[in-house]
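Residue numbers (this note's numbering): 9 to 330. Ideal Cβ positions, reconstructed from N, Cα and C, are used throughout, including at glycine. The next block holds one structure in the form of structure tokens; read it before the comments.
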Amino acid sequence: MTQKIIGIDIGGTYVKIGIINLNGEILSKWEIETNKQDQGKHIIDEIWTSIQHKVTAAELEHTILGIGIGVPGVVDEKQGKVLEAVNIGWKNYELKKHFEEITALPIHVENDANTAALGECWRDAENHDDIMVVTFGTGIGCGIITDGKVLHGHKGLAGEIGHFVVNPNGSPCNCGRRGCLETVASATGIVREAMKVVDQEPTCRLAMLYKEDGRLTAKDIFELAKEGDTHCLEIIHQMNDDLGLVLANVATVVNPAKILIGGGLSKAGDIFLTGIEASFKKHSIEWIGDNTKIEFTSLGNDAGIIGAAYLIRKAVYLEAVK
């Protein structure tokens with residue numbers, strides 16, 4: 009029977025789950041909502057229940073090599089412990105231990121942006137040595153590959169660009185500070201900025217849409233911007249300027265060949281990418297700006313589950329060559 013790996017990408021809104029073969033190809037995939045009630049204590053049980061509905065007991069016993077998991081937060085990948093994942097309520101959460109209590113399968117845990125970067129490297133030969141993968145969704149993640157290896161830092165904090173402060177007097181962030189990049193450039197942050205406009209301009213198009221639907225989404229804001237709405241264009245312009253500033257500063261330190269843009273907001277297309285490129289060049293020193301490519305991820309939202317599966321693939325290979 010063909011050997012397979014389960015890759016899991018836990019997000020602030022949805023959990024993506026995939027069955028991946030040893031070539032990094034997706035055999036099947038699905039998603040469930042992220043249950044953040046009670047500090048996320050139900051998430052693992054709900055993931056396992058979902059897996060059991062999709063994968064037979066025989067497959068789990070005989071063909072599944074292990075489970076790789078990407079998490080949006082600070083991860084001690086050696087212990088499989090989530091030090092903090094503010095968008096889902098975990099703090100000092102023994103993720104690997106909890107999963108091992110319900111299955112005998114090997115479990116490997118990593119930051120979700122790092123798994124996205126690993127997925128891109130595994131599947132795309134051009135993305136092997138020095139890249140940054142930045143994911144934009146409920147929060148912002150950044151995986152950095154340098155000399156072909158994930159940059160973790162002392163406590164797994166490398167790449168936490170969502171918590172660069174871009175405005176010390178800005179909106180409160182889940183991390184406890186104010187004005188972090190996530191507060192203006194994540195899907196949540198963009199909607200927050202749009203709601204400020206709704207409060208200030210009750211007759212604008214954003215306010216009308218909010219009254220009609222009872223809510224606003226990041227997609228709504230990008231769609232109105234494409235139609236030329238001034239308020240939405242201003243929100244996106246400020247977001248792109250903040251993003252370009254942060255990415256330029258990080259690139260000055262790690263000097264990537266490419267910055268790959270992924271996550272749910274990447275679905276906005278060229279209006280998102282071209283704005284980031286322009287801002288990045290504006291804020292970069294010349295030799296960084298001229299020599300760093302900015303592109304969308306080739307795997308899109310699948311990068312996380314593929315990279316999570318790679319954690320198991322790599323572990324199996326290392327065991328085989330011992």
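Worksheet item: Leaving out five residues before and five after glutamate 294 in sequence, what residues of the same chain have Cβ atoms less than 7 Å from its Cβ?
Response: Excluding residues within five positions, none has a Cβ falling inside 7 Å.
Worksheet item: DSSP three-state call for cysteine 240: helix, strand or coil?
Response: Cysteine 240 falls in the helix class under three-state DSSP.
Worksheet item: Just to confirm, are valine 83 and glutamate 118 a CB contact at a threshold of 8 Å?
Response: Contact: yes.
Discussion item. Judging by CA-CA distance, which residue of Gly312, Thr238, Asn43 and Trp56 is the nearest neighbour of asparagine 95?
Written reply: Asparagine 95 has its Cα closest to that of Asn43, out of Gly312, Thr238, Asn43 and Trp56.
Worksheet item: What does a CB cutoff of less than 6 Å around phenylalanine 304 pick up in its chain, not counting 5 residues either side in sequence?
Response: Within the same chain, Cβ atoms closer than 6 Å to the Cβ of phenylalanine 304 are found at Ile269 and Ser274, the five residues on either side in sequence being excluded.
Worksheet item: Shortest alpha-carbon distance to glycine 197 belongs to which of Gly222, Ile229 and Arg213?
Response: For glycine 197, the nearest C-alpha among the options comes from Ile229.
Fill in: Residues of its chain near glycine 187, where Cβ-Cβ distance is below 8 Å and the 5 sequence neighbours each way are ignored
If we look at glycine 187 and ignore the five residues flanking it on each side, its Cβ neighbours are Val173, Val174, Asn175, Pro176, Asn177, Gly178, Ser179 and Cys181.
Item to complete: Flag this pair as touching only if the region 209–225 and the region 159–169 have three or more C-beta atom pairs under 8 Å; answer yes or no.
Response: Not touching, per the Cβ criterion.
Item to complete: Go through its chain and collect everything with a Cβ distance to alanine 125's Cβ below 6 Å, but skip five positions before and after it.
Response: Val141, Gly151 and Ile153, listed in sequence order.
Discussion item. Can you list, in chain order, the residues of its chain with a C-beta nearer than 8 Å to that of glutamate 41? Leave out the 5 residues immediately preceding and following it.
Written reply: Excluding sequence neighbours, glutamate 41 sits near Thr21, Tyr22 and Val23.
Worksheet entry | Alpha-carbon to alpha-carbon, glutamine 47 and threonine 111 | Rounded to whole angstroms, threonine 111 and glutamine 47 show a C-alpha spacing of 22 Å.
Worksheet item: Of the choices Gly15, Gly297, Glu85 and Ala286, whose alpha-carbon is the least far from that of lysine 105?
Response: Minimum Cα distance to lysine 105 is reached at Glu85.
Discussion item. Could you compute how far the alpha carbon of histidine 171 sits from the alpha carbon of isoleucine 148?
Written reply: About 8 Å.
Worksheet item: What beta strand (DSSP E) runs, 3 residues minimum, are completely inside the region 123–164?
Response: With a minimum length of 3 residues, the continuous beta strand (DSSP E) runs that stay inside the region 123–164 are 139–144 and 148–154.
Item to complete: Could you spell out the range, first to last residue, of the alpha helix (DSSP H) harbouring phenylalanine 230?
Response: Start and end: 226–234.
Fill in: Contact check, alanine 311 vs glutamate 128, beta carbons under 8 Å
Yes, Cβ-Cβ distance for alanine 311 and glutamate 128 is below 8 Å.
Fill in: 3-residue-minimum beta strand (DSSP E) runs that sit fully inside the region 260–298, ordered along the chain
Along the region 260–298, the beta strand (DSSP E) occurs as fully enclosed runs of 3 or more residues at 266–270, listed in sequence order.
Discussion item. Could you tell me the alpha carbon to alpha carbon distance between methionine 203 and glycine 74, rounded to whole angstroms?
Written reply: Looking at the two C-alpha atoms, the distance is approximately 43 Å.
Item to complete: Give a yes or no on whether the C-beta atoms belonging to aspartate 249 and serine 292 are separated by under 8 Å.
Response: Cβ atoms of aspartate 249 and serine 292: not closer than 8 Å.
Worksheet item: So, helix, strand or coil for alanine 316, using DSSP?
Response: Alanine 316 falls in the helix class under three-state DSSP.
Worksheet entry | Length of the line joining the Cα atoms of glycine 97 and serine 58 | Distance between the alpha carbons of glycine 97 and serine 58 is about 21 Å.
Discussion item. Going by C-alpha to C-alpha distance, which of Ala121, Ile77, His61 and Ser194 sits closest to isoleucine 115?
Written reply: Out of Ala121, Ile77, His61 and Ser194, Ile77 has the C-alpha closest to the C-alpha of isoleucine 115.
Item to complete: Assuming aspartate 138 contacts proline 264 (C-beta within less than 8 Å), just tell me the rounded distance between them.
Response: Yes, aspartate 138 and proline 264 are in contact; Cβ-Cβ is about 5 Å, under 8 Å.
Worksheet item: Within this structure, are the beta carbons of isoleucine 72 and isoleucine 51 separated by less than 8 Å?
Response: For isoleucine 72 and isoleucine 51, no; Cβs fall outside 8 Å.
Practice prompt. Could you please give the first and the last residue of the uninterrupted beta strand (DSSP E) stretch that includes isoleucine 110?
Written response: No beta strand (DSSP E) holds isoleucine 110; DSSP gives it neither H nor E.
Item to complete: Report yes if the C-beta distance between isoleucine 284 and leucine 251 is below 8 Å; otherwise report no.
Response: Isoleucine 284 is a Cβ neighbour of leucine 251, given a cutoff of 8 Å.
Discussion item. Just list the residues that DSSP pairs lysine 89 with in beta bridges.
Written reply: In the DSSP output, where bridge partners are listed per residue, lysine 89 has Asp84.
Worksheet item: Looking only at C-alpha atoms, which of Val79, Ala65, Arg200 and Asp53 sits nearest to isoleucine 313?
Response: For isoleucine 313, the closest C-alpha among the options Val79, Ala65, Arg200 and Asp53 is that of Val79.
Item to complete: Measuring alpha carbon to alpha carbon, tell me which of Thr123, Val205 and Glu201 ends up nearest arginine 321.
Response: Ranked by Cα distance from arginine 321, the options Thr123, Val205 and Glu201 are led by Thr123.
Item to complete: Assign tyrosine 318 to one of two classes, buried (16 or more other C-beta atoms within 10 Å of its C-beta) or exposed (fewer than that).
Response: Burial of tyrosine 318 is indicated by the presence of at least 16 other C-beta atoms within 10 angstroms of its C-beta.
Fill in: Other residues of its chain near tryptophan 56: CB distance less than 6 Å, five sequence neighbours each side excluded
For tryptophan 56, the CB contacts under 6 Å within the same chain, skipping 5 residues up- and downstream, are Ile110 in chain order.
Practice prompt. Please say whether isoleucine 267 and isoleucine 302 have beta carbons closer to each other than 8 Å?
Written response: Taking 8 Å as the cut-off, the beta carbon of isoleucine 302 is found closer than this to the beta carbon of isoleucine 267.
Item to complete: Rounded to whole angstroms, what's the CA-CA distance from isoleucine 16 to glutamate 39? Just pull it up for me.
Response: If I take the Cα positions, the gap works out to 9 Å.
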